[in-house]
Amino acid sequence: MRPQYGYFADPFLLEFDSRVTQMLSLPDGRVGAILERTWFYPTGGGQAHDLGTLNGIPVLDVYRQEATGEVVHVLASGKLASDEPVHAWIDGDRRLRHMQHHTAQHLLSACLQRLFGLETLSAHISGYSPSTIDFPDRSLGEDELAQVERLAHEVIFQNRPVTTYFVPAAEAARLPLRRPPKVSGEVRVVEIKDWDYSACGGTHCLSTGMIGVVKILKTERRNQKTRLHFVAGWQALERFQELHAIVGALGTALSAGKHDLLAAVQRQSKALRDAQKELQTLRLERVPIDAQHLLVDAISLGDVRLVTALFVDRPAGELPALAKELTKTRGVVALLSTVSGEAKFSVVLTRHEAVALHAGECLRRWLTPLGARGGGDEMFARGGGAVTEEQVRNWLENIPARLEEVFDATYND
Ligand SMILES: [Zn+2]
368 MRPQYGYFAD PFLLEFDSRV TQMLSLPDGR VGAILERTWF YPTGGGQAHD LGTLNGIPVL
428 DVYRQEATGE VVHVLASGKL ASDEPVHAWI DGDRRLRHMQ HHTAQHLLSA CLQRLFGLET
488 LSAHISGYSP STIDFPDRSL GEDELAQVER LAHEVIFQNR PVTTYFVPAA EAARLPLRRP
548 PKVSGEVRVV EIKDWDYSAC GGTHCLSTGM IGVVKILKTE RRNQKTRLHF VAGWQALERF
608 QELHAIVGAL GTALSAGKHD LLAAVQRQSK ALRDAQKELQ TLRLERVPID AQHLLVDAIS
668 LGDVRLVTAL FVDRPAGELP ALAKELTKTR GVVALLSTVS GEAKFSVVLT RHEAVALHAG
728 ECLRRWLTPL GARGGGDEMF ARGGGAVTEE QVRNWLENIP ARLEEVFDAT YND
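In terms of our numbering, the sequence shown has 675 at position 308, counting the first letter as 1, and numbering is strictly consecutive.
So this is what it looks like as structure tokens:
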């Protein structure tokens, strides 16, 4: 039996009057309406359902009942009654986007088959995000994808009529269908005039020109298949506008024309790398001067000179060199820390060779109340954790006392 769906005959009829024949209580608690006749598209064939309203009530989902073939309109609320007349409205923007992508999919599938013998295994049609076509795994180079786009646009610009018609199965078998039909009995054929024949129940443009433009975005390998992503029609225009705006903003930011953008970015990257290198060299050269400044504020505890410091946003990798420089001075114990970002804390502890202190043991114990971790050998230890600048400042104030405890314990032994 040939199913009778309104959109088969007229995919541009977006408002109609009908009558509720049955209201359904669906297993998920929602309510569905079946109409005397409908032009809504139910999900199927890789194409999503229409959206719209029935007497102003939003239609959230539309699907075909497997057993009866009837179309169920899932409603946002259950205000319709059986036998009630309804005025229906279909979201035309969504419908057109689906038509453009669905027709573009037929066209791209035909191009892939004609150019490279690739049979489409499945497709997913979306109006608001890229649509996809899956075919047997085969990597396609940029040149090959450009060939597909070129052929597709030749057919788009020829503005070939796209027609749909039903033929008996026997007749369908004589048509050069791209894939054997999945249905038995009558077959709905979608023909891009004299160019492509496909068995399909979806909504399509009336001519290839309505696709507007189609752009392949990428291909990727997926479950031993290749998936091609593309946009068409309105979505292709929106993407072009978006990319055009991005390129324009980049050009302004970099003071470069679009053809010079890449070179401008590469120049800036190189300049940044060079500057970072130079900064690192200058910082290393500055280490002895920094060490002298820190030693001025050293706290004397008997023979020991304790140097503590907290830097903000100084790379943790610079602390060991400074600590090493400090411990050239007799009696020095150096505890250097840095905090960057919200609470990224790093610390090193080291000492002059003559000071009797196990750096690794001390730092491990001292960090425990901070919730940070650390350790090392007798001479050098490092640590860190998620600690704020304020917490580190309070912690550093207690370090002289903690160090005295260590020496008191040592002398008592
Ligand atoms: Zn189709």
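Where a beta carbon is used, it is the ideal one built from N, C-alpha and C, also for glycine. All values reported here derive from a predicted model rather than from experimental measurement.
Should residue i go down as buried or exposed, given a rule of 16 or more other Cβ atoms within 10 Å for buried?
{"i": "Asp780", "result": "Any answer about Asp780 is weak, because its pLDDT of 43 lies below 50 and its placement is not dependable; what the coordinates show is given next. Classification of Asp780: exposed, given that the 10 Å Cβ count is below 16."}
{"i": "Pro409", "result": "buried"}
{"i": "Phe407", "result": "buried"}
{"i": "Ser392", "result": "exposed"}
{"i": "Gly624", "result": "exposed"}
{"i": "Thr435", "result": "exposed"}
{"i": "Ala471", "result": "buried"}
{"i": "Gln414", "result": "buried"}
{"i": "Arg555", "result": "buried"}
{"i": "Gly396", "result": "exposed"}
{"i": "Asp417", "result": "buried"}
{"i": "Ala536", "result": "exposed"}
{"i": "Ile613", "result": "exposed"}
{"i": "Thr388", "result": "exposed"}
{"i": "Thr619", "result": "exposed"}
{"i": "Gly569", "result": "buried"}
{"i": "Ser622", "result": "exposed"}
{"i": "Gly419", "result": "buried"}
{"i": "Val663", "result": "exposed"}
{"i": "Val429", "result": "buried"}
{"i": "Ser449", "result": "exposed"}
{"i": "Ser636", "result": "exposed"}
{"i": "Leu394", "result": "In the sequence as displayed, the identity of residue 394 is Pro instead of Leu. Exposed, since its Cβ has fewer than 16 Cβ neighbours within 10 Å."}
{"i": "Pro378", "result": "buried"}
Inspect the beta-carbon positions of residue i and residue j and report whether they are closer than 8 Å.
{"i": "Asp563", "j": "Arg545", "result": "yes"}
{"i": "Pro497", "j": "His571", "result": "no"}
{"i": "Ser713", "j": "Ala690", "result": "no"}
{"i": "Leu463", "j": "Leu442", "result": "no"}
{"i": "Leu475", "j": "Val580", "result": "no"}
{"i": "Gly698", "j": "Phe774", "result": "no"}
{"i": "Leu518", "j": "Cys478", "result": "yes"}
{"i": "Gln647", "j": "Tyr495", "result": "no"}
{"i": "Gly459", "j": "Val398", "result": "no"}
{"i": "Glu609", "j": "Ala658", "result": "no"}
{"i": "Ala599", "j": "His468", "result": "yes"}
{"i": "Glu382", "j": "Trp456", "result": "yes"}
{"i": "Leu617", "j": "Leu628", "result": "yes"}
{"i": "Asp384", "j": "His454", "result": "yes"}
{"i": "Ala688", "j": "Val674", "result": "no"}
Who are the near neighbours of residue i in its chain, counting only those whose CB is closer than 6 Å to its CB and skipping five residues on each side?
{"i": "Leu753", "result": "Sequence check: residue 753 is Ala here, not Leu. So the list reads Ala710, once near-sequence residues are dropped."}
{"i": "Leu730", "result": "Leu716, Gly741, Ala748, Gly750"}
{"i": "Met368", "result": "Because Met368 sits at a pLDDT of 42, beneath the cut-off of 50, its placement in the model cannot be relied upon, and the point is left open."}
{"i": "Leu737", "result": "Val754, Trp762"}
{"i": "Asp680", "result": "Ser707"}
{"i": "Ser565", "result": "His473, Arg545, Val557"}
{"i": "Thr593", "result": "Phe502, Asp504, Arg505, Thr586"}
{"i": "Leu686", "result": "Leu703, Val715"}
Report the rounded CA-to-CA distance for residue i versus residue j, giving the unit in angstroms.
{"i": "Ala676", "j": "Arg606", "result": "52 Å"}
{"i": "Val439", "j": "Gly373", "result": "14 Å"}
{"i": "Glu728", "j": "Thr735", "result": "11 Å"}
{"i": "Glu558", "j": "Thr530", "result": "5 Å"}
{"i": "Arg634", "j": "Val722", "result": "50 Å"}
{"i": "Phe678", "j": "Gly508", "result": "52 Å"}
{"i": "Leu506", "j": "Ile500", "result": "The residue you asked about is not Leu; residue 506 is Ser in the sequence shown. Rounded to whole angstroms, Ser506 to Ile500 spans 14 Å at the Cα level."}
{"i": "Arg588", "j": "Pro503", "result": "10 Å"}
{"i": "Leu724", "j": "Val632", "result": "51 Å"}
{"i": "Thr487", "j": "Pro547", "result": "12 Å"}
{"i": "Glu764", "j": "Glu645", "result": "35 Å"}
{"i": "Phe524", "j": "Ile578", "result": "10 Å"}
{"i": "Asp451", "j": "Ile424", "result": "The sequence shown places Glu at residue 451, not Asp. So the two alpha carbons sit approximately 13 Å from each other."}
{"i": "Thr772", "j": "Ser667", "result": "This sequence places Glu at residue 772; Thr is not what is there. Computed Cα separation, rounded: 14 Å."}
{"i": "Leu512", "j": "Phe483", "result": "11 Å"}
{"i": "Leu770", "j": "Arg672", "result": "11 Å"}
{"i": "Leu651", "j": "Ala776", "result": "37 Å"}
{"i": "Glu403", "j": "Leu485", "result": "42 Å"}
{"i": "Gln643", "j": "Leu649", "result": "10 Å"}
{"i": "Gln591", "j": "Arg386", "result": "48 Å"}
Counting only the same chain and skipping the five closest in sequence on each side, list residues whose C-beta sits under 7 Å from that of residue i.
{"i": "Thr694", "result": "Ala701, Thr717, Arg718, His719"}
{"i": "Gln432", "result": "Val439"}
{"i": "Asn526", "result": "Ser574, Thr575, Gly576"}
{"i": "Val515", "result": "Leu475, Cys478, Leu479, Leu482, Ile583"}
{"i": "Gly411", "result": "Arg431, Gly568"}
{"i": "Ser489", "result": "Gly413, Asp501"}
Please list, in chain order, all residues of the same chain as residue i whose beta carbon is under 8 Å from its beta carbon, the five residues on each side excluded.
{"i": "Val534", "result": "Leu542, Glu553, Val554, Val556"}
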